[in-house]
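Following this note's numbering, the numbering of the sequence shown begins with 153 at its first residue and continues without gaps.
Just so it is clear, CB atoms sit at the ideal spot from N, CA and C, and this is done for glycine as well.
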Amino acid sequence: MNDPKLYEVVNRLMSESMHLQNGESVCVVTDTERLPLANVFRDVATEYNSDPILVVMAPRQQHGSEVSKIISGAMMKSDVVFQVVTHAMTHTDATRDAMQSGSRILVLRGITKDLMLYGAINANYKDIAITCQKVAEFMGQAKQAHISTDAGTDLVMSIDNRTPHILDGIVKGPGTFAAMPDGETAISPAEETTEGNLVIEHSMDGLGLLDKTYSFNSRQRTSSINRRWPVSTNVETDD
153 MNDPKLYEVV NRLMSESMHL QNGESVCVVT DTERLPLANV FRDVATEYNS DPILVVMAPR
213 QQHGSEVSKI ISGAMMKSDV VFQVVTHAMT HTDATRDAMQ SGSRILVLRG ITKDLMLYGA
273 INANYKDIAI TCQKVAEFMG QAKQAHISTD AGTDLVMSID NRTPHILDGI VKGPGTFAAM
333 PDGETAISPA EETTEGNLVI EHSMDGLGLL DKTYSFNSRQ RTSSINRRWP VSTNVETDD
C-alpha cells in the first residue's frame, strides 16, 4: 500500500485524532487480515521517532474477544495504541487494562483502504466534535426521549439524570480511547422505562444488510401515566 494519500490520512489521524507526540512509544495491534494497513501505521509512526512495535494476531471470531497476555502487555506498556483490527477490541479486559495504565487508544475496527481514502474518516472532526458537544448538552437537559421512524419504530424512554457520552473521533488524553470513523453522542435510558416498538429493517452491525425485518415490542404491566416497567419483549420477523 504505497498510495501517498493513504499515508497522508494516517498521518492526520496520528496528529489530529491521537495527538501523537515526538518520541512517544507506539504499539500497532493488528491481525493477518489488516496487516497491510497496519504496516502503514507503523511506517508513519516512525516519522514521530516512536520506534513503533507491530503486534500481529489471528483475526478474532467476533467483537469483544480477548487477546493474548503478550498483546495485552504490549498495549499496557505503550503510550499510544492503534488497533487496526477486523473485530473490535474496545470492550475487552486487554483494552481496559491498557487504559488503566494510561495508554491512549484509537480503535479502527473493520477498516479498509477504501474507507481510509474515501470514507467518513476524512470528515472535519473538529466540526464533528463541536456538533457532538451541542447534542450532548441537549441530551443532558432532557428528561425523556421519543424515537420514531417511517418503518414503524416508536419508542419512549426516560433519560432523566443520565449522562451523555461523546465519541467524536478525538482521543482526549491518557487512559482514554476514540474510534474512527466516528461522530456520536450516546445516552442510555433509565432501566425499565422504555416502551413501544423497535423496527430494524435495514442493517445491523456485524450482519450488514438484512434480508428480513425484525420487530421488537415492549409491553407494560400497567397503563400507568409514567409509562414504566416493561415486563415482556416480543420479537417478530416479516417471514
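- The shortest CA-to-CA distance from residue 178 to any of 166, 315, 187 is the one to 166.
- Between the stretch 321-336 and the stretch 348-367, the count of Cβ pairs shorter than 8 angstroms is below three; the stretches do not touch.
- Runs of the beta strand (DSSP E) lying entirely within the stretch 160-232, each at least 3 residues long, are 178-183, 205-209 in chain order.
- For the pair residue 258 and residue 162, the CB atoms are not nearer than the 8 angstroms cut-off.
- Spanning the alpha carbons of residue 318 and residue 331 requires a straight line of approximately 11 angstroms.
- Residue 325 and residue 256 have their C-alpha atoms spaced approximately 6 angstroms apart.
- For residue 247, the three-state secondary structure derived from DSSP is helix.
- Residue 343 sits in coil when the DSSP states are folded into three classes, being neither helix nor strand.
- Going by beta carbons, residue 176 and residue 232 fall inside the 8 angstroms limit.
- Here residue 347 is not near residue 303, since their CB atoms are 8 angstroms or more apart.
- Shown here for residue 285: same chain residues with a beta carbon closer than 7 angstroms to its own, the five before and five after excluded, namely 318 in chain order.
- One thing to note: residue 208 has its Cβ no nearer than 8 angstroms to the Cβ of residue 245.
- In the displayed model, residue 268 falls within a helix according to three-state DSSP.
- Secondary structure in the stretch 278-362: the beta strand (DSSP E) runs of 3 residues or longer, each lying completely within the stretch, are 296-300, 306-310, 317-319, 329-331, 336-338, 347-352 in chain order.
- Cβ atoms of residue 342 and residue 311 come within 8 angstroms of each other, at about 7 angstroms.
- The residues 316, 318, 337, in chain order, have a CB closer than 6 angstroms to that of residue 288 in the same chain once the five nearest residues on each side in sequence are set aside.
- Residue 257 carries a strand assignment under DSSP once its states are collapsed to helix, strand and coil.
- Take the alpha-carbon of residue 280 and the one of residue 290: they are about 15 angstroms apart.
- DSSP, reduced to helix, strand and coil, places residue 274 within a helical segment of the structure shown.
- A direct Cα-Cα distance of roughly 12 angstroms separates residue 268 from residue 236.
- One thing to note: residue 243 has its Cβ no nearer than 8 angstroms to the Cβ of residue 358.
- Beyond the five residues adjoining it in sequence on each side, residue 202 comes within less than 6 angstroms, by CB distance, of 176, 178 in the same chain, given in chain order.
- Within the same chain, and ignoring the five residues on either side of residue 185 in sequence, the residues whose Cβ sits closer than 8 angstroms to its Cβ are 211, 238.
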